[in-house]
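In the working numbering, the protein residues as written are 42 to 420. Glycine residues also receive a C-beta, built at the ideal position from the N, C-alpha and C atoms. None of the values given here were measured: they were computed from a predicted structure.
Printed below as a string of structure tokens:
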């Protein structure tokens, strides 16, 4: 609900494209800083506690968004939003993985990401309606209320067994980055997943959630509802594909699914600036959504199936950090590109670069088309 509307809100407060890119990067920086230490300690502290803390911080940052009157005043709520992202996503994915069995993990990841996608679907649509008829500031009133509801729901989560801490938690937190590096260096599947995360984050969060709302607002001035409708189209397709993930993964390996995801998202992004009207833009968004929907459960399983359960939160936090680094880097770059060269060159050059990187991956790695058994069966 918040992420795709931040560029529009910052623009309404007087920020230019470069400043908008920097403001978006603030949340990613703080998500990055807290991701790995929290992921390393959460299995010892309690995943459900981390989830409740995420929503409490969300309430606080929502209040700060409401009272912002200049781009500078968006920095603190963006920090809070970044902390919420760092606390919530890796822990929720790991929580769902741990309460599932090896038999139903593919279905669980499909349903988990589908419900997350339902939020991405409904959120921008609600934000578009609220922004159009009540004003952009009211979007963050609703965000604050939803965060409060999320906290209440988390109080009913089943507590999981906590792992015995092998050392004091502050020692574990300080060594978390070296542990994350060790996982990345020793796990080939994690390395592959990180490459796909960089590409997907560039296309989805960079182009899709940072540049795309600005492009629509410039092309169709004042129609905030259209931004919500187009993003909802993308997320609707993504949600449907997540529900179908268990069926698709029976026929294709996770790596092949991810290759197809990046290809679809790149083609859809390339077509957006040459689309002539909202209908053709919606079709491009639909293509992007199909790729986006299958990418999340594939990435989650590729990572979590390669590590032990107690390292699951750390592995997901490491992956999430790569996503943050990507957006933190690409958002200002895209802001500069849009300001210097315009929207069309920005969309199409980034799409072509992603396709070239994907082609290099296929040349270097021989991937199997048929699915392999990724789920770990424990004794």
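With a threshold of 6 Å on Cβ separation, who are the neighbours of residue i within its own chain once the five nearest residues in sequence on each side are excluded?
i, result
"residue 405", "none"
"residue 349", "none"
"residue 63", "373"
"residue 172", "180 and 265"
"residue 418", "A caution first: residue 418 carries a pLDDT of 39, below 50, which makes its placement in the model unreliable, though a value can still be read off. The answer, listed in chain order, is 143."
"residue 217", "77, 78 and 81"
"residue 255", "48"
"residue 431", "Beyond the ends of the chain as shown, which are 42 and 420, falls residue 431; an answer cannot be given."
"residue 230", "343 and 347"
"residue 339", "295, 298 and 299"
"residue 136", "88"
"residue 378", "387"
"residue 58", "376, 379 and 380"
"residue 228", "347"
"residue 358", "76, 77, 80 and 131"
"residue 70", "369"
"residue 91", "83, 128 and 132"
"residue 401", "none"
"residue 148", "287"
"residue 312", "325"
Residue i and residue j look like a contact to me (Cβ under 8 Å); what is the Cβ gap, rounded to whole Å?
i, j, result
"residue 331", "residue 305", "6 Å"
"residue 51", "residue 43", "In fact, because the Cβ distance is near 12 Å, the residues do not count as touching under 8 Å."
"residue 93", "residue 196", "7 Å"
"residue 408", "residue 294", "7 Å"
"residue 314", "residue 389", "7 Å"
"residue 126", "residue 72", "4 Å"
"residue 242", "residue 154", "Not a contact, Cβ separation roughly 15 Å."
"residue 224", "residue 356", "6 Å"
Take residue i as the anchor and find which of the options has the nearest alpha-carbon.
i, options, result
"residue 68", "101, 82 and 121", "121"
"residue 131", "389, 47, 337 and 386", "337"
"residue 145", "171, 397, 369 and 346", "346"
"residue 244", "391, 408 and 151", "391"
"residue 168", "239, 124 and 45", "45"
"residue 297", "233, 98, 117 and 326", "233"
"residue 163", "319, 88, 287 and 270", "270"
"residue 66", "240, 376 and 210", "376"
"residue 200", "153, 133 and 359", "133"
"residue 194", "319, 96 and 380", "96"
"residue 156", "249, 355, 319 and 276", "276"
"residue 183", "138, 382 and 105", "105"
"residue 128", "319, 86, 208 and 152", "86"
"residue 249", "223, 327, 292 and 287", "327"
"residue 263", "398, 141, 176 and 117", "176"
"residue 16", "124, 102 and 90", "This structure does not reach residue 16, given that the chain is present from 42 up to 420, and the question cannot be answered."
"residue 360", "149, 151, 237 and 118", "237"
"residue 365", "239, 206 and 198", "239"
"residue 289", "261, 150, 257 and 252", "150"
Which residues in the same chain as residue i place their Cβ atom closer than 7 Å to its Cβ, once the five residues preceding and following it in sequence are excluded?
i, result
"residue 214", "78, 81 and 82"
"residue 334", "158, 278, 279, 280, 281, 282 and 283"
"residue 351", "84 and 204"
"residue 416", "Confidence at residue 416 is low in this model, with a pLDDT of 44, below 50, so its placement is unreliable and no value can be given for it."
"residue 112", "51, 54, 55, 56, 60 and 64"
Among the residues of its own chain, which have a CB less than 8 Å from the CB of residue i, if the five just before and after it don't count?
i, result
"residue 100", "185, 188, 189 and 192"
"residue 110", "54"
"residue 316", "322, 324 and 325"
"residue 170", "266 and 269"
"residue 259", "384"
"residue 403", "300"
"residue 247", "367, 368, 371, 372, 375 and 391"
"residue 420", "Only weak support is given to the placement of residue 420: the predicted model assigns it a pLDDT of 34, under 50, and the question is left unresolved by the model."
"residue 207", "213"
"residue 108", "114"
Could you tell me the boundaries of the alpha helix (DSSP H) in which residue i lies?
i, result
"residue 338", "319-345"
"residue 310", "295-312"
"residue 227", "217-227"
"residue 69", "58-86"
"residue 374", "353-382"
"residue 271", "265-284"
"residue 52", "47-53"
"residue 254", "253-260"
"residue 155", "146-174"
"residue 246", "Careful: residue 246 lies outside any alpha helix (DSSP H) and carries neither H nor E."
"residue 135", "116-140"
"residue 201", "Element bounds for residue 201: n/a, residue is neither H nor E."
"residue 190", "178-195"
Mind checking if residue i is an interface residue toward chain B, Cβ cutoff 8 Å exclusive?
i, result
"residue 340", "The structure shown contains no chain B; it holds only a single protein chain."
With a threshold of 7 Å (Cβ to nearest heavy atom), would residue i be considered close to the ligand FAD?
i, result
"residue 255", "The ligand FAD is not among the ligands present in this structure, which contains no ligands whatsoever."
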